Each structure stands twice: as C-alpha cells, then as structure tokens.
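Chemist: Take a look at this one; I'll ask things after.
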Amino acid sequence: MALLLLLVPCSFSLPSPNRSLQFPRTHATNSSKKRIWRPPQPLARPRRQLRLPATGSQLGDAEAEEETRQRGRGGGDYVTLTACAVGLFTGLAVVLFNYAVHEIRDLTWDGIPLRGASWLREEPIQHIWQRVVFVPAFGGVIVAILNTLRTYLNKGSKEDSLPGGVLKAVAASVTLGTANSLGPEGPSVEIGSQIAKGFGNLFQWSGGKRLSLIAAGSAAGISSGFNAAVAGCFFAVESVLWPSSAADPSYSLPNATPIVILSSVIASVISEIGLGSDPAFVVPQYDFRSPTELPLYLLLGLLCGLVSVALTSCTSISVEAVERLHQKTGLSKAVFPALGGLCVGIMALKYPEVLYWGFENVDILLESRPFTAPLSAPVLFQLVGVKIVATSLCRASGLVGGYYAPSIFIGGATGMAYGRFLGILFGGPGAMIHLPLLEVASPQAYGLVGMAATLAGVCQVPLTSVLLLFELTQDYRIVLPLLGAVGISSWITSSWQKRSTNYTTKANYAPLPGDGSAKQSNTGSNNTAQARVIKSDEDEEELCTLESSLCVYDEEGEFSDLAQNLIVSEAMKRSYESVVSMETPIVQLLNVMMKEKQPFAMITNNDNFLLGLLTLDDVLEFIAGIRQSRETSKLVVRDICISGDGGRCRARPYVTPDMRLVEAQNIMNSRRVDYIPVVSSHKELSLVGYIDRESISTALRASAAKEFLSSSLTGKT
Numbered sequence: 003m004a005l006l007l008l009l010v011p012c013s014f015s016l017p018s019p020n021r022s023l024q025f026p027r028t029h030a031t032n033s034s035k036k037r038i039w040r041p042p043q044p045l046a047r048p049r050r051q052l053r054l055p056a057t058g059s060q061l062g063d064a065e066a067e068e069e070t071r072q073r074g075r076g077g078g079d080y081v082t083l084t085a086c087a088v089g090l091f092t093g094l095a096v097v098l099f100n101y102a103v104h105e106i107r108d109l110t111w112d113g114i115p116l117r118g119a120s121w122l123r124e125e126p127i128q129h130i131w132q133r134v135v136f137v138p139a140f141g142g143v144i145v146a147i148l149n150t151l152r153t154y155l156n157k158g159s160k161e162d163s164l165p166g167g168v169l170k171a172v173a174a175s176v177t178l179g180t181a182n183s184l185g186p187e188g189p190s191v192e193i194g195s196q197i198a199k200g201f202g203n204l205f206q207w208s209g210g211k212r213l214s215l216i217a218a219g220s221a222a223g224i225s226s227g228f229n230a231a232v233a234g235c236f237f238a239v240e241s242v243l244w245p246s247s248a249a250d251p252s253y254s255l256p257n258a259t260p261i262v263i264l265s266s267v268i269a270s271v272i273s274e275i276g277l278g279s280d281p282a283f284v285v286p287q288y289d290f291r292s293p294t295e296l297p298l299y300l301l302l303g304l305l306c307g308l309v310s311v312a313l314t315s316c317t318s319i320s321v322e323a324v325e326r327l328h329q330k331t332g333l334s335k336a337v338f339p340a341l342g343g344l345c346v347g348i349m350a351l352k353y354p355e356v357l358y359w360g361f362e363n364v365d366i367l368l369e370s371r372p373f374t375a376p377l378s379a380p381v382l383f384q385l386v387g388v389k390i391v392a393t394s395l396c397r398a399s400g401l402v403g404g405y406y407a408p409s410i411f412i413g414g415a416t417g418m419a420y421g422r423f424l425g426i427l428f429g430g431p432g433a434m435i436h437l438p439l440l441e442v443a444s445p446q447a448y449g450l451v452g453m454a455a456t457l458a459g460v461c462q463v464p465l466t467s468v469l470l471l472f473e474l475t476q477d478y479r480i481v482l483p484l485l486g487a488v489g490i491s492s493w494i495t496s497s498w499q500k501r502s503t504n505y506t507t508k509a510n511y512a513p514l515p516g517d518g519s520a521k522q523s524n525t526g527s528n529n530t531a532q533a534r535v536i537k538s539d540e541d542e543e544e545l546c547t548l549e550s551s552l553c554v555y556d557e558e559g560e561f562s563d564l565a566q567n568l569i570v571s572e573a574m575k576r577s578y579e580s581v582v583s584m585e586t587p588i589v590q591l592l593n594v595m596m597k598e599k600q601p602f603a604m605i606t607n608n609d610n611f612l613l614g615l616l617t618l619d620d621v622l623e624f625i626a627g628i629r630q631s632r633e634t635s636k637l638v639v640r641d642i643c644i645s646g647d648g649g650r651c652r653a654r655p656y657v658t659p660d661m662r663l664v665e666a667q668n669i670m671n672s673r674r675v676d677y678i679p680v681v682s683s684h685k686e687l688s689l690v691g692y693i694d695r696e697s698i699s700t701a702l703r704a705s706a707a708k709e710f711l712s713s714s715l716t717g718k719t
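Take 3 as the starting number for the sequence shown in the numbering used here and just add one per residue.
Here is the structure:
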C-alpha cells in the first residue's frame, strides 16, 4: 500500500480540465439482471491447466507440499493487492479515456463554447448546419473502421482480446468526442472489467477470485466515471456479485466486499486527481417542501418507468430493423455507424441537446448554468422522445458508448417537464388547483429524482441509482422520494420485460397443447416455424444488448473449456415423468412430480410428441388465482393450459442431444429456466429426456476428474 501511495502523486502532470467536461458513460441498459454465461475463448489465451483439490494421502508428501504452495500463491492478501492494482490502473485508464474524448471534442467542435447545445440553439442554422450534421457522421466513419479492425483482431470471438479492447475504447472516444448520443460510463466499466480480466488471466485465476476481481474492476469504472465511490461499490454488487452468486452459491459476497471497496476508492482518488473533484454535473440544491408531495414522486416513478420501457423497446426495434436491413439489402455493417451519426446530426439541427456534450446538457436541463434560457415543458417532452430515438439509432448502428448518460438526460428532462406541469397545476398564485396542504417543490427537485428513476428502470440497478443521486446531492431528504420513484420505475420495467419474454416465448415455441392439433403438427411441415431450437448466438439478453457493461462477468471457470467439448447427451437425464392427456387430473399431475421429485412434468401425446411443460409454480399460481367456489378436485391439466394468457403449458426452449453443452447452458441462462427438454435430432419434437443445472454440473465435474486422472497417468509414464 505504501508503494501505491507513492505512485499516486507522481502519476499526473497533465492539466486537469473541468470535471464537468468528463464524458459520462450511459445506460443501462437495457437488460433483466442476470448475466449471460458466455462461452470461453480458447484462442484468447493459453488453456489453463486443470487442477483438482488434493491431499497428502492422495498425492504423496512432495505433491501435497506443491499443492499447498500453489494454494497459498493466490491467497486473500494477494487478491486484495491485485484489486488495489485494478483500481489504480482503472482510474488511470478512465482519466486517459476522458482526456481523449475531451481532445477529440476540441478538435472536431473547435470554436463552439463549452455550453454547447444551448449555443447551437441560439445560432442561425445556416451558419452551423454543416458541422452539426457531418461531424457525428464523420465520427461514425472512423468508428466503422475501428469496429472492422476489432472484429479482425478478435477473430470472430465475442470476447475482446487486449488489442480489441483498446480499439473499442478508442471507438468510444471517437463516438463521444464527435457528440453522438451515447455516454462514457459504460465504456469506463468495461475498461475496468477488461483490466481485471487481464490480471485474472495473468495469474490464471478462475471462479470466485476471478469474479471478485471483475466486480472490483466494474466498481472502479463507475467510481472513476461519476466520482462516486459508494455508488461504484453498489453497482458491482448489483450487476456482478448478486447475479453470479445466485447462479453459483459457492461465491461468497462478504469475501468480495473488501476488495470491491478498496478498488472503488482508489479509482475514485485517481480520477479526482486527474479530472478534478467537481461532480460529473452541477447538482442544484434539493428542495423538499412537504410530505404531501410523496405521492407526486410516485407518479413520477410511474412516468419514468414508462419512459424506460420506451427506450428499451425503441432500442430493440432499432437493432432488429438494422439487422433486417443488412440481410435484405446486403449493405455492409460498416456503413451503419456513419448512417447513425448522420441521423443524429440531422435531429440535432432542431434539437441540439441530443448531442453528447459531457454533462453540460444535463446542466442546461437543470438550469444550473448561468446565461442559459430555461426550456419549456413542451420542449422538454419533445427532447425525451428525440433523445430516445437518437440513442437507439446510435446503439443499433454500431456506435460505441453507454446508456447511463442518456438515461440520466432522459430522466432529467422527464422530471423537469413533470415538475413544470405540477407548478402550473398546484404551484404559485396562478395555480389551477389550490390545495392548502400541498406545497410543490421546484422542477429541479423532480428532475433529480427523474434521473435516478430512469437510470434504475433502463439499467435495472435501483440501489446504484439511489446511492448515486444521494452521493451527488449529499441531502438525506432526497432518499425517501428517490426510493419511491426508483422502486416504481424499476418494477414497471422489470414487469414489462417479463411479459415481453413470455410473449416472445409463446410466439416462438411449441403451440398450446391440444391433442388433435398437436398430432397434426407432428406430421406437418411448419413445426420449425412454431417450435424451434434457439441458438445460443441469438439468445443475448435484451439488457446486455442495451448496455454491455452490465454483463462484464463471463463466468469463465475451471470447466469452461470442458463445456465447449461436451454435448448435451453426455449430461442428459433419460428418466423422466410425463402426462399424455390434457384430461389428466391436477392431483395426478402432482403425484407424477412427487414420484420423480422433479418440480415439473412434460406433456406429450401418445406418440411421445412434446406438447408442453407444466411446472409446480404454474400449478400453484393457478390454484391461488381460482375462485373459492370452484371445485378443485375436478381440475385437469387443460384448465391450467387455457387459463390466463395461454402461456402456461407452452413448451420451454428445448435442445437436441448433439448440441454443445455450453449452448444449452446459454439458453438456460438467457431464458431464466433451470431445466430444458431434450428432443430427438432425427424425429422432430420426439421427447428423449431433459437436462438441468445439476446434471450439467455433474457432467462437467466428472469430465474434469477424468481429464485430471488421464493427465496424471500420462505424466507418470
């Protein structure tokens, strides 16, 4: 630690630009929170030697001594020191990243004052239209070239190599420096996670150590981006540690917490030295007038939740539209970043605030900068819609950046417009409605709460959003309105995502069970359109597509390489229970589940054709919702299948025996299921078994043990 303290003051000789020029990283988006387990990349680094725990009685004294030495080599103190190094290097990298964005902005927008968008709004359009339109488009051209080089260097792998990661950071700098509608906090998180992965690869760490290190890198990225160390710690917990520990209970959150805190604090200190101690944007004084305002903040949370859904939906539609355009026209993907930048420039002619100008535009919204005219409520609402479209087009076209800053801008505009509307209704002597017990705060108060609520809705990080705004305002009075609005917004977005997933599942998987229609489908030619195997490459979660920094942990563990080589048949359970009639009583269905101690039962016809799958949760949900007067003893499977939205009984995503095990794992993670039916590769939808997480884990561990024994025998001979 003494060495680190000596390094810090010697690390900077650069002049510190105003902190407000820092180009924040955005989103969140996007999406759901669990992380996708991505397959490892064998070409990215040498294959790690598989090692299993051993004792002296098993290996002999010399081998046991070596085992003990190797265990001590990655002890807790060593991990802690490495996490401090991750925080140090992340802070340095984020400072350099922000300087790069600042220099590119000065180069491409030379002569335009720092207040940016407000100045562009005041200037005659005939004097500025060329620069406003073509600078973002030029940035898109450069990004397209960098993306092409990055794809070549990564050799088609989803995981960035070291040169690919550097090129991605440069592409983000160009995207933001040319004012395209994204943000810098997402790239900052990815920079931190890439540095952490680099250290993990260097020491050949996996499992809990690697997870903790990546969490520390993510915390350092947010901490240095917003100059908010506490929010950085909670971000790491929400986006990395909680999802991973839910998937694997062996990961210990308490053990990871100290290194996350240390990394976040060190990165924040480095960032403060390099970028200044000012917050990312100028925070107006929070104004809380009366507890009777709290219901108004809940309504703001509802509004921000709907806005978050609009941003998420617009991004998904834009991504799909670009992909369809690419497939139908054959237009190279290298063209789309330039087109995206061109669209942003055209929109900026009317609404220059959509351009990324650091957090200066947020200051304009909050009216915290002098000499800027306030924006009216109609203009603010228009900005919300235009910013959603501009940000979605940037993401879909391939421009590089995050969703955190756009989410904050959109939330601030929503809150300010809402606050102005409340002022017209309830505030001041000219109010339309006079309520003696209700005092309405200034629009800036609603703008601050709207930022956190939208950030939580888009990126599904509610605790981080609350802590971030509390840390920036340093006013405890904001906590209660924040909690209410953030909770409502996050709930609306997560509920919508769940319903959207159910709708997609119902549209894409096997039809609702019906004995006659099912048998007809078994011989028809359109089964592949109604029920298909979902390929892992198509299963990226919507949230990860929205904001890739929310999916920085790739869960590369001791068994990653093995999962690439095993196939589903090696982990498949062939013993299962099913029901072959839609008229089967529910009591009998429950007996089937109890017999095999499995919380689900497959539904088939007499030809073993897979019709669907009913879980114990489906049954319990149905029973809880039926009327008391109904005779539960006469309930049959068909009653559950036709209830509600018709989604119960649908076939879950299924796999085939010859599919790679890692693909099946990815499908389970992305569809949030713990078991998947396995159907024949030769006879369509013919049920042959199922796999679950337990069977996958058993197959991987057994294969690891076999490989270990094989390598041991080979070494002795």
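Cβ coordinates follow ideal geometry from the N, Cα and C atoms, glycine included. Please read these numbers as outputs of a predicted model, since none were measured by experiment.
1. Tell me which same chain residues have a C-beta within less than 6 Å of the C-beta of alanine 95, skipping the five on either side of it?
2. Between Lys597, Met596, Lys599 and Leu616, which lies nearest to isoleucine 605 when the distance is taken from Cα to Cα?
3. Looking only at its own chain, which residues have a Cβ that is under 7 Å from the Cβ of isoleucine 390, when we skip the five neighbours before and after it?
4. DSSP on methionine 349, reduced to helix/strand/coil?
5. On a Cα-Cα basis, can you pick out the residue from Tyr353, Pro601 and Ser583 that is closest to serine 608?
6. Counting pairs of beta carbons, one from the segment 122-132 and one from the segment 295-307, are three or more of them closer than 8 Å?
7. Rounded to whole angstroms, what's the CA-CA distance from arginine 47 to leucine 213? Just pull it up for me.
8. Can you list, in chain order, the residues of its chain whose CB lies under 7 Å from that of threonine 416, leaving out five sequence neighbours each side?
9. Out of curiosity, what's the CA-to-CA distance linking valine 285 and threonine 475?
10. Taking buried to mean at least 16 other C-beta atoms within 10 Å of its own C-beta, is proline 165 buried or exposed?
11. Just mark glutamine 446 as buried or exposed, buried being the case when its beta carbon has 16 or more other beta carbons within 10 Å.
12. Exposed or buried, asparagine 149, counting other C-beta atoms within 10 Å across all chains shown (16 or more means buried)?
13. Please work out which residues of its chain come closer than 6 Å, Cβ to Cβ, to valine 621, disregarding the five sequence neighbours upstream and downstream, and give them in chain order.
14. Quick check on methionine 596: does DSSP put it in helix, strand or coil?
15. Whole-angstrom Cβ separation of glycine 185 and tyrosine 448, contact assumed at under 8 Å?
16. What's the C-alpha gap between proline 601 and valine 657?
17. Cβ of phenylalanine 423 versus every heavy atom of the ligand SAM: is any distance shorter than 7 Å?
18. State the start and end residues of the unbroken beta strand (DSSP E) segment that holds methionine 789.
19. What does the alpha-carbon distance come out to for the pair isoleucine 216 and cysteine 86?
20. Sort out for me which residues DSSP pairs phenylalanine 708 with in a bridge.
21. Do serine 183 and alanine 323 have their C-beta atoms closer together than 8 Å?
22. Measuring CA to CA, which of Val581, Ala230, Lys352 and Leu618 is closest to lysine 599?
23. From serine 120 to leucine 401, what distance separates their C-alpha atoms?
24. Considering only C-alpha positions, which residue in the set Pro659, Val388, Leu470 and Lys199 is nearest to valine 346?
25. Can you tell which of Ile319, Val468 and Ala419 has the C-alpha that lies nearest to the C-alpha of arginine 397?
26. If I'm right that proline 655 touches isoleucine 678 with Cβ under 8 Å, what's the distance once you round it to whole angstroms?
27. Can you tell me which of Asn593, Gly691 and Arg640 puts its alpha carbon nearest to the alpha carbon of phenylalanine 611?
28. Beta carbon of valine 97, beta carbon of glycine 219: below 8 Å?
29. Does the Cβ-Cβ distance between proline 483 and leucine 367 come in under 8 Å?
30. Evaluate alanine 707 with the Cβ neighbour count: other Cβ atoms within 10 Å of its Cβ, from every protein chain shown; 16 or more gives buried, anything less gives exposed.
31. Can you give me the start and stop residues for the alpha helix (DSSP H) that threonine 393 sits inside?
32. Select from Tyr288, Leu178, Thr84 and Trp244 the residue whose C-alpha is nearest the C-alpha of glycine 200.
33. Per DSSP, what kind of secondary structure is proline 587 in: helix, strand or coil?
34. Following the continuous beta strand (DSSP E) through aspartate 280, name the residue where it begins and the one where it ends.
35. Strictly by DSSP, which residues pair up with threonine 617?
36. If you count every other CB in all the chains shown that lies within 10 Å of the CB of leucine 469, and 16 or more means buried, which is it?
Modeler: With the structure as the only source:
1. Walking along the sequence shown from the start, residue 95 turns up at place 93. The residues are Ile193.
2. Taking the sequence shown and counting its residues from 1, the one referred to as residue 605 is at position 603. The shortest Cα separation from isoleucine 605 among Lys597, Met596, Lys599 and Leu616 belongs to Leu616.
3. Within the sequence shown, numbered from 1, the residue matching residue 390 stands at position 388. Hits under 7 Å: Ala312, Leu313, Cys316 and Ile412.
4. Counting from 1 along the sequence shown, the entry for residue 349 is found at position 347. If DSSP states are grouped into helix, strand and coil, methionine 349 belongs with the helices.
5. As a first step, residue 608 must be located in the sequence shown, where it is residue number 606. Correcting the residue type first, residue 608 is asparagine in the shown sequence and not serine. Scanning Tyr353, Pro601 and Ser583 for the CA closest to the CA of asparagine 608 turns up Ser583.
6. No contact exists between the segment 122-132 and the segment 295-307.
7. Locating residue 47 in the sequence shown gives position 45, counting from the first residue. Locating residue 213 in the sequence shown gives position 211, counting from the first residue. Note on arginine 47: pLDDT 36, under 50, position unreliable in the model; the coordinate value appears next. If you take the alpha carbons of arginine 47 and leucine 213, they lie about 18 Å apart.
8. On the sequence shown, residue 416 is found 414 positions in, with the first residue counted as 1. Apart from the 5 residues on each side of it in sequence, threonine 416 sits with its Cβ closer than 7 Å to the Cβ of Leu305, Cys306, Val309, Val386, Gly452 and Thr456 in its chain, given in chain order.
9. For this step, residue 285 is matched to residue 283 along the sequence shown. For this step, residue 475 is matched to residue 473 along the sequence shown. Each residue's alpha carbon lies about 6 Å from the other.
10. What you label residue 165 is simply residue 163 of the sequence shown in a count that begins at 1. Proline 165 is exposed by the Cβ-count criterion.
11. Position 444 of the sequence shown, counting from 1, holds the residue named residue 446. Looking at its Cβ environment, which holds 16 or more other Cβ atoms inside 10 Å, glutamine 446 is buried.
12. Residue numbering aside, residue 149 sits at position 147 when the sequence shown is read from its first letter. So asparagine 149 counts as buried.
13. Here residue 621 refers to the residue found at position 619 when the sequence shown is read from its first residue. For valine 621, where only same-chain residues beyond five positions count, there are no Cβ hits under 6 Å.
14. Numbered from 1 along the sequence shown, position 594 holds the residue referred to as residue 596. Note: methionine 596 maps to helix in three-state DSSP.
15. The residue labelled residue 185 in the question sits at position 183 within the sequence shown. The residue labelled residue 448 in the question sits at position 446 within the sequence shown. About 22 Å; that fails the 8 Å criterion.
16. Here residue 601 refers to the residue found at position 599 of the sequence shown. Here residue 657 refers to the residue found at position 655 of the sequence shown. Going from the Cα of proline 601 to the Cα of valine 657 covers about 19 Å.
17. The ligand SAM is not among the ligands present in this structure, which contains no ligands whatsoever.
18. Within the shown structure, residues of the chain are numbered from 3 to 719, placing residue 789 beyond reach of any answer.
19. Reading the sequence shown from its first residue, position 214 is the one you call residue 216. Reading the sequence shown from its first residue, position 84 is the one you call residue 86. So the alpha carbons of these two residues sit roughly 12 Å apart.
20. The residue you call residue 708 lines up with position 706 of the sequence shown. The sequence given here has lysine at residue 708, not phenylalanine. None, per the DSSP bridge assignment.
21. Translated into the one-based positions of the sequence shown, residue 183 becomes position 181. Translated into the one-based positions of the sequence shown, residue 323 becomes position 321. Not closer than 8 Å, so no.
22. Translated into positions along the sequence shown, residue 599 becomes position 597. Looking at the Cα atoms, Leu618 is the closest of the given residues.
23. As a working mapping, residue 120 is identified with position 118 in the sequence shown. As a working mapping, residue 401 is identified with position 399 in the sequence shown. Straight-line Cα distance between these residues: approximately 24 Å.
24. On the sequence shown, residue 346 is found 344 positions in, with the first residue counted as 1. That would be Val388, whose Cα lies nearest to the Cα of valine 346.
25. As a working mapping, residue 397 is identified with position 395 in the sequence shown. Closest by alpha carbon: Ile319.
26. As a working note, residue 655 is residue 653 in the sequence shown. As a working note, residue 678 is residue 676 in the sequence shown. Rounded, the Cβ-Cβ distance is 6 Å, consistent with contact.
27. The residue given as residue 611 occupies position 609 in the sequence shown. Nearest option by C-alpha distance: Gly691.
28. Walking along the sequence shown from the start, residue 97 turns up at place 95. Walking along the sequence shown from the start, residue 219 turns up at place 217. Cβ atoms of valine 97 and glycine 219: not closer than 8 Å.
29. In the sequence shown, residue 483 corresponds to position 481, counting from 1. In the sequence shown, residue 367 corresponds to position 365, counting from 1. Cβ atoms of proline 483 and leucine 367: not closer than 8 Å.
30. In the sequence shown, counting from the first residue as 1, residue 707 sits at position 705. Label assigned to alanine 707: exposed.
31. Indexing the sequence shown from 1 puts residue 393 at position 391. Here the alpha helix (DSSP H) through threonine 393 covers 379-399.
32. Position 198 of the sequence shown, counted from the first residue, corresponds to residue 200. Measuring from the Cα of glycine 200, the nearest candidate turns out to be Thr84.
33. If you number the sequence shown from 1, residue 587 lands on position 585. Strand, per DSSP.
34. Here the question's residue 280 lines up with position 278 in the sequence shown. Unbroken run through aspartate 280: none, as it is neither H nor E.
35. Counting from 1 along the sequence shown, the entry for residue 617 is found at position 615. Answer is Phe602, bridged to threonine 617.
36. Indexing the sequence shown from 1 puts residue 469 at position 467. The residue is buried, with at least 16 neighbouring Cβ atoms inside 10 Å.
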